[in-house]
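Presented below is the structure to which this report refers.
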Amino acid sequence: MFLLSQVLVTVAVLLDLASFQFMKRQQVLLALSLSTALTAIHFYLLDAMAGALLMAVASLRYLVFIKSQSKRLLIGFLLLNTVPPLVHLNASYELYAVFGSVLLTFGAFIREQVAFRCVMMLGTVCWLIHNCYVGSPMAIVLESTFLVSNLIGLGRIYMKRKTSKLKAE
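Laid out in structure tokens, this is it:
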């Protein structure tokens, strides 16, 4: 099961690499939904149930937030990210996954690209710490790649804004 889990999360890494290179928020969220679905299965195979549950919720969250951003949905997903995992918490390190999921939920709710990506990076750092405790090499690569891809995407946004500003002058 370990090998299969690593293969699934490797595909998730590729989706994450692509995700923050998309310029449209909807495309980013769709790629993240697919990536987190694969990561949920990965954690399930490793018997990391809090991580599996949180990633399954994240997959659904990203899909829903493509079309709707109501405050009710935000509150609902925040509850889904805190109540069930805290009830089934097996180890204290799983709190990193809970905190990361809460941050990623807020991030998915933010429409402004730079703030969206910054909050996503903070949530990713929490998941990176969680994955170190779980001991999944490819999940560590996944979150690290997600951070790097996000930083590159931020750079592209900065360059695009700078170019637009120069053209306007």
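In this text, residue positions in the sequence shown follow our numbering: the first is 347, and each later residue adds one.
Where is the CB? At the ideal position from N, CA and C, for every residue including glycine.
Of all the options the options, which has the alpha carbon lying nearest to the alpha carbon of residue i?
i: S411; options: H434, T428, F462 and A396; result: Per the sequence shown, residue 411 should be read as Phe rather than Ser. Considering only alpha carbons, the answer is F462.
i: T382; options: L392, G501 and A398; result: A398
i: R371; options: I503, L349, G481 and T428; result: I503
i: F348; options: Q367, A364, D362 and A394; result: A394
i: Q352; options: A514, L497, S510 and S482; result: S482
i: M369; options: V480, R457 and G469; result: R457
i: S438; options: T470, H388, L363 and Y479; result: Y479
i: H388; options: T428, I486 and T470; result: I486
Just reading off the alpha helix (DSSP H) that residue i is part of, what are its end residues?
i: I456; result: Careful: I456 lies outside any alpha helix (DSSP H) and carries neither H nor E.
i: Q372; result: R371 to L391
i: M505; result: P483 to A514
i: A398; result: M395 to K413
i: L435; result: Where L435 is concerned, there is no enclosing alpha helix (DSSP H), given that its DSSP letter is neither H nor E.
i: S351; result: F348 to S365
Considering only the beta carbon of each residue, do residue i and residue j sit closer than 8 Å?
i: L354; j: L392; result: no
i: L500; j: V460; result: yes
i: L449; j: V465; result: yes
i: M484; j: T356; result: yes
i: L312; j: S447; result: Only positions 347 to 515 of the chain appear in the structure, and residue 312 is not among them; the question remains open.
i: F452; j: Q415; result: no
i: S365; j: V374; result: yes
i: N496; j: M467; result: yes
What whole-angstrom Cβ distance do residue i and residue j have, given they're in contact under 8 Å?
i: V403; j: L426; result: 5 Å
i: P431; j: A386; result: Contact flag wrong, Cβ pair sits at about 13 Å.
Cβ pair count under 8 Å reaching 3, the region 480–499 against the region 378–392: Verdict: yes, contact present.
Would the region 464–476 and the region 441–449 be scored as touching if the rule is three or more Cβ pairs under 8 Å? By the Cβ test, the region 464–476 is in contact with the region 441–449, since at least three Cβ pairs between them sit closer than 8 Å.
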